[in-house]
Structure formats: structure tokens, C-alpha cells
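Novice:
In the UniProt record's numbering, the protein residues as written are 1 to 277.
1. For residue 12, name the three-state secondary structure that DSSP assigns.
2. Would you mind working out which of 166, 143 and 47 sits nearest residue 136, comparing C-alpha positions?
3. For residue 33, is the classification buried or exposed, using 16 other Cβ atoms within 10 angstroms of its Cβ as the cut-off for buried?
4. How is the beta strand (DSSP E) around residue 64 delimited, first residue to last?
5. Per DSSP, what kind of secondary structure is residue 279 in: helix, strand or coil?
6. Taking buried to mean at least 16 other C-beta atoms within 10 Å of its own C-beta, is residue 129 buried or exposed?
7. Along the alpha helix (DSSP H) that carries residue 231, what are the first and last residues, could you check?
8. Does the Cβ of residue 61 have 16 or more other Cβ atoms within 10 Å, making it buried, or fewer, making it exposed?
9. Return the CA-CA distance between residue 249 and residue 133, expressed in angstroms with no decimal places.
10. Following the continuous beta strand (DSSP E) through residue 197, name the residue where it begins and the one where it ends.
11. In whole angstroms, give me the CA-to-CA distance for residue 260 and residue 171.
12. Please return the same chain residues whose Cβ sits closer than 7 Å to the Cβ of residue 181, not counting the five positions on each side in sequence.
13. Say whether the stretch 154-161 touches the stretch 109-120, bearing in mind that this needs 3 or more beta-carbon pairs closer than 8 Å, one atom from each stretch.
14. Kindly indicate which residue of 103, 238, 213 and 168 has the alpha-carbon position closest to the one of residue 140.
15. Would you say the stretch 217-236 touches the stretch 252-271, given that touching needs at least three Cβ pairs under 8 Å?
16. How about residue 194 and residue 37: do their beta carbons lie closer than 7 Å?
17. Restricting to Cα atoms, I'd like to know which of 78, 176 and 145 is closest to residue 210.
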């Protein structure tokens, strides 16, 4: 009976739970799903991470390539993020060029990298005007069940912290770069941006970490990104119901709490990877 009601009237089904201050999966309105993290699982990448938030599963691989610095910024390198939503992660995505959601996610990640200064592009310069690193950050969703942007950000941050680039020197006679794969150094992570996603139900009820089904029934979605200094790095709200200043402030304070939890998780996983087994 419940399954039939859920299929016929999904919004009404969810609202019945929300009016009792709980959700159809048993969580409270402000409760995040279990978040797990693994790092270093892609051996061909310079850094990698796999994140699960509930069923949503995202993998990020970092690959460094040598290039010429930009003409207008000879002392900087590049960071190129790309989010891929293949058909294997959900029946809502089709094969072919990136859809609207994948493009919006890639742009969001690029904006957060820029606004948070997670990495200084100057750190990626090897020889001014001649040689720099391009960091390709490929983020792929393996299983889509809502809250994509938060999962992508955790995967990106953990993969950047896991990444180690080989030492590069320039031969004085030939001016050719020489790469020492045996000697690697970690990236200099300046800031730790972490996101938290919320949706508004029925124009009034706010919940955190939505599933794909909850997202599809919401009247607004919002993702708040903060760093370790509780600074607001980005706010992503594609249309929908307007939010009061009070609700927005509530989102930001919950996001800073979530930031502390995620940082603790990332630090713990990175530390355990360094500890000899």
C-alpha cells in the first residue's frame, strides 16, 4: 500500500513524514547520511579519492601535466576540473556530450577552486614564462542519489591532499624538462572548502543532504561552501523559492558544522594512509 501511495503521490508521501519531523529514510531533517572516504585507489593518477554520501558515490582523480604558463600570467599554472555524469550512475543521464547538470557542476567546482584559493596557481609554476603544471581534476559520479556537489567537493579536496607531483628540473643545456618520478612532493593546500547542500520542501520545510528523489520534489536547492575560517566561499542556488535571511544564516551555520565533520574525516583518512600498516 505504502509503495503504491509513494509512486502515485510522491510529494504527499514525503510531506507526511516531514510533518512528523522525520524523512522517509528514517533520518531527521538536519541529519546527513553516512559519509565514507578512501584515498589513493587509482594507481595511475597523481592523487585520487572515492567518496560515498549514502548511496551517492563520486571518484576524483588528479593528473599533473607539463605545459607553458598562460601568456597573461607567466608565473601561474592551471587547474582544470571536469565533472562527468555517465549513464551508469543514473538512468536520468544519457550517453554523449556533457548534459546541463554536468556542465553546471563543473562550473561550480571551478568557481569554488577560484574563490576559495584552495591552491595558489603560482605554486604550480616551475619556470616563470616557460614551464608550469596543469592539474586535471576529473570527477566521475559512479552512483547518483542526490547531493552531488557536496560529494564532488569532498572528493576533490581529498584527492588534492592525496596528490604528489614528481620533481621537475630544467636541463640548462637543452632547456628540456627532466621529470624525476622517484621524488614526489605534496601539493600546498591553502584552504579547505567544504560544501553542505539543502533543499526546501513545500516552500517552507528545509532539509539537509537530500536524496535524488527529495531533490526532484523540492521547490529550491542550495549549496553553501565554507572554509576552515568559517568564511563563505560560494553559494549556489539555481532558481526556486527565495530564502529569508534567517534561513540563509541557518544554512551557513549548519554548513560550518558540517565543515568540521568533513575535515575531521579527511584528516583521519589521510593520517591513516601515512601510518605504516
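For each residue, glycine too, the CB sits at the ideal point set by N, CA and C. Predicted model, so just to flag it, every value in this text is computed and none were measured.
Specialist: Result, derived from the coordinates:
1. As a position in the chain shown, residue 12 is number 12, starting the count at 1. In the structure shown, residue 12 sits in a helix (DSSP, three-state: H, G or I).
2. Along the chain shown, read from residue 1 onward, the residue named residue 136 stands at position 136. Closest option to residue 136, Cα to Cα, is 47.
3. Walking along the chain shown from the start, residue 33 turns up at place 33. Classification for residue 33: buried.
4. Locating residue 64 in the chain shown gives position 64, where the first residue counts as 1. That run of the beta strand (DSSP E) goes 56-67.
5. Given that the chain is displayed from residue 1 to residue 277, the structure contains no residue 279 and the question cannot be resolved.
6. As a working mapping, residue 129 is identified with position 129 in the chain shown. That one is exposed.
7. Working through the chain shown from its first residue, we reach residue 231 at position 231. Annotation for residue 231: no alpha helix (DSSP H) segment contains it, and DSSP assigns it neither H nor E.
8. The residue labelled residue 61 in the question sits at position 61 within the chain shown. By the 10 Å Cβ count, residue 61 comes out buried.
9. Looking up residue 249 in the chain shown gives position 249. Looking up residue 133 in the chain shown gives position 133. Residue 249 and residue 133: Cα-Cα distance of roughly 38 Å.
10. Walking along the chain shown from the start, residue 197 turns up at place 197. Residues 194-201.
11. Sequence index remark: in the chain shown, residue 260 carries index 260 (1-based). Sequence index remark: in the chain shown, residue 171 carries index 171 (1-based). One alpha carbon belongs to residue 260, the other to residue 171, and they sit about 45 Å apart.
12. Locating residue 181 in the chain shown gives position 181, counting from the first residue. Scanning its chain for C-beta atoms nearer than 7 Å, with the 5 sequence neighbours on each side dropped, one finds around residue 181 the residues 166, in chain order.
13. A contact exists between the stretch 154-161 and the stretch 109-120.
14. Within the chain shown, numbered from 1, the residue matching residue 140 stands at position 140. Selected option, being the one with the closest Cα: 103.
15. Touching, yes, given that three or more Cβ pairs across the two stretches are closer than 8 Å.
16. Residue numbering aside, residue 194 sits at position 194 when the chain shown is read from its first letter. Residue numbering aside, residue 37 sits at position 37 when the chain shown is read from its first letter. In this structure, the beta-carbon distance from residue 194 to residue 37 does not fall below 7 Å.
17. Here residue 210 corresponds to residue number 210 of the chain shown, with the count starting at 1. Comparing C-alpha distances from residue 210 to each of 78, 176 and 145 shows the shortest one belongs to 145.
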